[in-house]
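Respectively, the protein sequence lines represent chains A and B.
Numbers 1 to 192, taken from the working numbering, label the letters of the first sequence in order.
Numbers 1001 to 1192, taken from the working numbering, label the letters of the second sequence in order.
2 protein chains.
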Amino acid sequence: MRVILASKSPRRKELLSMITTDFEVIVSASDENVQEDLKPSEKVVEIAKQKAQDIFASQEGDVVVLGSDTIVVADNDEILGKPKDYDDAVRMLTTLSNKTHKVMTGVSIIYRKDGKVEESNFCDIADVHVKEISKEEIDKWLETGNAWDKAGAYAIQQEFAVHIDKLDGNYATVMGLPIHAVYDEFKRLKII
Amino acid sequence: MRVILASKSPRRKELLSMITTDFEVIVSASDENVQEDLKPSEKVVEIAKQKAQDIFASQEGDVVVLGSDTIVVADNDEILGKPKDYDDAVRMLTTLSNKTHKVMTGVSIIYRKDGKVEESNFCDIADVHVKEISKEEIDKWLETGNAWDKAGAYAIQQEFAVHIDKLDGNYATVMGLPIHAVYDEFKRLKII
Chain A
1 MRVILASKSP
11 RRKELLSMIT
21 TDFEVIVSAS
31 DENVQEDLKP
41 SEKVVEIAKQ
51 KAQDIFASQE
61 GDVVVLGSDT
71 IVVADNDEIL
81 GKPKDYDDAV
91 RMLTTLSNKT
101 HKVMTGVSII
111 YRKDGKVEES
121 NFCDIADVHV
131 KEISKEEIDK
141 WLETGNAWDK
151 AGAYAIQQEF
161 AVHIDKLDGN
171 YATVMGLPIH
181 AVYDEFKRLK
191 II
Chain B
1001 MRVILASKSP
1011 RRKELLSMIT
1021 TDFEVIVSAS
1031 DENVQEDLKP
1041 SEKVVEIAKQ
1051 KAQDIFASQE
1061 GDVVVLGSDT
1071 IVVADNDEIL
1081 GKPKDYDDAV
1091 RMLTTLSNKT
1101 HKVMTGVSII
1111 YRKDGKVEES
1121 NFCDIADVHV
1131 KEISKEEIDK
1141 WLETGNAWDK
1151 AGAYAIQQEF
1161 AVHIDKLDGN
1171 YATVMGLPIH
1181 AVYDEFKRLK
1191 II
């Protein structure tokens, strides 16, 4: 069975490697386009679906395509995507300081075997608490250059980890792919 | 300020690198020796203290020594250390299957500056839930060879991650060093 990861995120690649090392990475060039009135957890699944469907449509034969998207939802319900610039990153991290926020990762698995298509879409949510962080600590983190392609301007698995004291949920979900749930779906679909 | 990590664990080395890359690793050759009647959370701090004290005693001048130890406590209160052999690992993982267990990491920081000695000892605890795992899945994990130097015969950051659906606490604590708390102590002691 061909497995395609429809994401260029190195974290997702690393996480999927825990299940199988035999997969291709093909990334959609299409723009994401979601209805504005969806709830955050619906939005993130919709984007994951679009990423997966776009690649799936161009593939023939037996194949499974995995799409995923991650957002950070601050305690004021603001959705934090990737920061636009330095000031935007400072603003996001200041919003997260001394509070609990949600990380939502949407997953879409589309699967074709012997002409039969099956689809599984879901969202996994984790609560993350960030300690109080100073402007100096924010600057120090941003100087690492690791914040720019991350929702909420941070990565739980890098130097920013010293500012996170508590996680309630799945760590891989915060990294960008709930690998425990993908594993269960792959087992159910007999992909692994 | 010289920083010494009194542990040979590559995970602790990786985690401490998030705070500073300027540290030495010196490991105690002494055997651990703790009272049997201590609670698990006291035991793990006592072992961390012995590791740190043993190295600290042989150092002169301004220095900070960091000792740490990690245990897994199953829901029947059994303490799981490193597995003795294959059967022991299978037994441990079977005990953890479909249950929540505690991971306790004890930390001891001993610090000397201008002749003044300060010591900070604490334990950080995380709850980890392991999904139901089959004997086949246990065998597959053990085949990776990554289980042998780990308390409870698993590593949260490796292939075993697919079997863990939920963490309540700090991820780094489960890996072996609550880096968020070490960071706070290092800040308080003005080491960083």
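Yeah, the Cβ is synthetic: ideal placement off N, Cα and C, and Gly gets one too.
For a contact defined as C-beta to C-beta under 7 Å, what are the partners of residue i on chain B?
i, result
"K166/A", "G1169, N1170"
Quick check: the Cα distance between residue i and residue j, rounded to an integer number of angstroms?
i, j, result
"T1070/B", "H129/A", "23 Å"
"L93/A", "I1179/B", "19 Å"
"V1162/B", "F160/A", "24 Å"
"V117/A", "V27/A", "21 Å"
"A42/A", "K102/A", "Per the sequence presented here, residue 42/A reads as Glu, with Ala not at that position. C-alpha separation (whole angstroms): 14 Å."
"A1153/B", "G115/A", "42 Å"
"A74/A", "K82/A", "13 Å"
"E1134/B", "E1143/B", "In the sequence as presented, Glu is not what sits at residue 1134/B; that position holds Ser. If you take the alpha carbons of S1134/B and E1143/B, they lie about 14 Å apart."
"R1011/B", "S1097/B", "24 Å"
"K140/A", "A1172/B", "20 Å"
"V1064/B", "V1107/B", "13 Å"
"T1021/B", "A1126/B", "26 Å"
"A147/A", "D1088/B", "42 Å"
"G145/A", "E132/A", "21 Å"
"Q1053/B", "D165/A", "27 Å"
"A1029/B", "P40/A", "53 Å"
"D85/A", "I138/A", "14 Å"
"Q9/A", "Q157/A", "Checking the displayed sequence, the identity of residue 9/A turns out to be Ser instead of Gln. Straight-line Cα distance between these residues: approximately 14 Å."
"L16/A", "L177/A", "8 Å"
With which residues is residue i paired in a DSSP beta bridge?
i, result
"D149/A", "Paired residue(s): none; D149/A is not in a bridge."
"S1068/B", "V1107/B"
"K99/A", "V130/A"
"E118/A", "Y111/A"
"L1080/B", "V1072/B"
"V1093/B", "In the sequence under discussion, the amino acid at residue 1093/B is Leu, which differs from the Val named in the question. Answer is none; L1093/B lacks a bridge partner."
"K166/A", "H129/A"
"I1004/B", "E1024/B, V1065/B"
"D124/A", "T105/A"
Which residues of chain B have a Cβ atom closer than 8 Å to the Cβ of residue i, listed in chain order?
i, result
"Y154/A", "Within chain B, no residue comes near Y154/A; the closest Cβ sits about 13 Å away, beyond 8 Å."
"E159/A", "M1018"
Return the residue from the list the options that minimises the CA-CA distance to residue i.
i, options, result
"L1005/B", "I1133/B, D1062/B, K1051/B", "K1051/B"
"S7/A", "E24/A, V182/A, G145/A", "E24/A"
"A1048/B", "N1146/B, W1141/B, C1123/B", "C1123/B"
"S1058/B", "T1020/B, Q1035/B, I1110/B, V1090/B", "I1110/B"
"E32/A", "Q158/A, D85/A, E46/A, K113/A", "E46/A"
"D37/A", "T20/A, I19/A, D54/A, I79/A", "I79/A"
"Y183/A", "P40/A, L66/A, V72/A", "L66/A"
"T95/A", "K113/A, N76/A, K84/A, D85/A", "N76/A"
"D1149/B", "L1189/B, L1167/B, M1175/B", "M1175/B"
"V1072/B", "S1017/B, G1061/B, K1099/B, I1138/B", "K1099/B"
"E1119/B", "I1192/B, L1015/B, S1017/B, R1188/B", "R1188/B"
"G1061/B", "K1039/B, R1112/B, V1090/B, M1104/B", "R1112/B"
"I55/A", "R2/A, A151/A, I191/A, Q35/A", "R2/A"
"K13/A", "V34/A, E136/A, Q35/A, S68/A", "S68/A"
"A1151/B", "R1091/B, V1034/B, I1019/B", "R1091/B"
"G1169/B", "T1105/B, I1191/B, A1155/B, Q1158/B", "T1105/B"
Which bits of chain B does residue i rub up against, with CB to CB less than 9 Å?
i, result
"H180/A", "K1131, A1161, V1162, H1163, I1164, D1165, K1166"
Please list, in chain order, the chain A residues whose beta carbon lies closer than 7 Å to that of residue i.
i, result
"Y1183/B", "V162"
Which runs of the alpha helix (DSSP H) spanning at least 4 residues fall entirely within the stretch 1009-1070 of chain B, listed in chain order?
-> 1010-1016, 1040-1056
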